[in-house]
Amino acid sequence: MRRGIVVGQRDYRQIASAIKNRSPFHVLTGFMPSGHPHLGHLMVMKEVVWHVQQGGNGYVTIADREAHAVRDMSWENCRNYGKEYLACLYALGFAGTTYFQSKNERLKDLAFEAAMKVNFSELTAIYGFTPETDLAHADAVITQVADILYPQIDRAPAPTIVPVGIDQDPHIRLTRGVAHKLRMFTIEERDGYVSVRSKNAPDAALEDVKKAFPGAKKYEGHVDIRGAPCAAVSVKVREIELAHGGWGFFTPSSTYHIFMPGLTGGKMSSSIPESIISFYEPEAAVRKKVMSGITGGRMTLEEQKKLGGEPDKCSLYLLNVFHMVTDDAALAEIRRKCLAGEITCGQCKKDTAERVVTFLKDFREKMDVAAETIEV
Ligand code: SF4
């Protein structure tokens with residue numbers, strides 16, 4: 000957040016409160032095992048690990064159903080790539096629950112329930128589905144919705160943070176809508192009272208809401224409560240909902256991060272091998288890629304000295320911002336030298352290559368240790 004990488008959020012307040020008050024919360028993300036993990040995946044992994052370190056219950060889903068349906072990946076490849084993602088996460092210090100979608104029966108049941116709250120016009124509007132889109136695509140989407148809600152059925156309802164790239168906001172909004180639709184009640188703070196409205200609650204549940212708050216008045220489909228704070232009503236109503244077989248979901252929260260550009264200047268993508276650095280890439284290949292990376296340098300050395308470089312347009316500077324330089328003062332010094340024209344891009348690339356090689360050496364060792372403990 001400090002470095003302007005995590006730039007947005009939805010409903011993060013409930014996560015911040017949970018961290019502050021040490022109350023339960025979940026953190027979840029997912030990875031589609033359609034290729035080897037690379038540096039571009041590190042951001043979201045670090046966000047998950049950070050939230051676990053702040054007290055969150057960690058969850059990671061390997062979206063093998065999606066990789067199989069959307070990328071035509073064989074189940075065996077899904078399994079192998081998935082293990083690599085998990086090794087990365089454990090190497091970073093992740094602790095918590097991990098699963099492959101295809102092996103999680105409760106997740107599939109939850110996806111079916113969620114599917115009852117989504118129609119094709121929504122999928123068309125969000126994902127551009129057409130009449131030709133196969134049903135497995137729709138199934139992959141709804142399974143991801145279920146993934147986000149899964150920690151709340153696996154443990155207990157609690158605020159859930161989903162760190163994602165900024166392009167995933169439509170999916171988060173869809174999931175937030177489904178979580179809301181699966182609740183029995185809507186709770187609204189009105190002028191001087193709290194209104195608990197039934198969406199699909201059995202009458203006995205509405206009756207229990209009335210009984211829980213002395214002086215509450217029950218009407219057709221809603222109960223009005225005076226003298227109780229909205230937060231306290233929410234807690235009690237969730238308990239009643241759960242006792243009557245409801246889900247009691249908290250609406251999930253999200254953070255949004257920008258993307259680290261690829262070394263070729265555009266998007267970091269497995270389909271452009273020069274744009275990415277995989278964790279198991281040989282050292283010589285890593286150095287070559289970094290040395291060939293697009294920089295924000297000027298056309299000539301003379302111009303560079305006179306005008307300085309343009310770090311914000313430089314894929315290597317951003318690689319340092321995202322992952323390679325943890326010390327803010329050291330990063331500020333790289334920026335200052337670049338802007339002042341005090342360093343050549345050649346030297347700067349060599350320094351960055353050194354950092355990447357050192358990072359990867361250490362990270363691979365940790366991944367190898369972690370890989371031995373992963374069973375799929
Ligand atoms: Fe990028 Fe370094 Fe060149 Fe500045 S000096 S543009 S940070 S490579």
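Residue numbers (numbering that gives the first Met the number 0): 0 to 375.
Glycine included, each C-beta is placed from N, C-alpha and C at the ideal position.
Remember, predicted model here, so these are calculated numbers, not experimental data.
- Taking 8 angstroms as the cut-off, the Cβ atoms of ILE165 and ALA211 do not count as close.
- Closest option to GLY226, judged by alpha-carbon separation, among ALA145, VAL368, TYR192: TYR192.
- Excluding the 5 residues flanking it on each side, ILE276 has same chain C-beta neighbours closer than 7 angstroms at HIS37, LEU38, VAL285, LYS288, VAL355, in chain order.
- Going by C-alpha positions, THR372 is about 21 angstroms away from TRP74.
- Relative to the non-hydrogen atoms of the ligand SF4, the Cβ of GLU273 never comes closer than 7 angstroms to any of them.
- In this structure, CYS313 has its beta carbon less than 7 angstroms from a heavy atom of the ligand SF4.
- Annotation: VAL161 is outside any alpha helix (DSSP H); the continuous beta strand (DSSP E) that includes it extends over 159-164.
- At a Cβ-Cβ threshold of 8 angstroms, GLY340 and ILE293 do not count as neighbours.
- For LYS288, the shortest C-beta to heavy atom distance toward the ligand SF4 is 7 angstroms or greater.
- At the C-beta level, MET259 and LEU318 come within 8 angstroms of one another.
- A straight-line Cα-Cα distance of about 43 angstroms links HIS256 and LYS209.
- The DSSP-derived three-state label of PRO281 is coil.
- At least one heavy atom of the ligand SF4 falls within 7 angstroms of the beta-carbon of GLY295.
- With a 10 Å radius around the Cβ and a threshold of 16 neighbouring Cβ atoms, VAL6 comes out exposed.
- Take ALA178, set aside five residues on each side of it, and the residues of its chain with a beta-carbon closer than 7 angstroms to its own are LEU148, PHE248, THR250, PRO251, in chain order.
- With contact defined as three or more Cβ pairs closer than 8 angstroms, the segment 102-119 and the segment 137-151 are in contact.
- Sequence-distant Cβ neighbours of THR185 in its own chain, meaning closer than 7 angstroms and more than five residues away, are ARG196, LYS198.
- Taking 8 angstroms as the cut-off, the beta carbon of ILE160 is found closer than this to the beta carbon of HIS50.
- In this structure, the CA atom of THR351 is about 8 angstroms from the CA atom of MET323.
- In the three-state DSSP reduction, VAL59 falls in the strand class (E or B).
- Within the same chain, and ignoring the five residues on either side of MET44 in sequence, the residues whose Cβ sits closer than 7 angstroms to its Cβ are CYS87, LEU88, LEU91.
- With a cut-off of 8 angstroms on Cβ pairs, the segment 167-182 is not in contact with the segment 214-224, counting fewer than three such pairs.
- For the pair of segments examined, the segment 111-124 was found not to touch the segment 63-72: the number of CB pairs separated by less than 8 angstroms stays below three.
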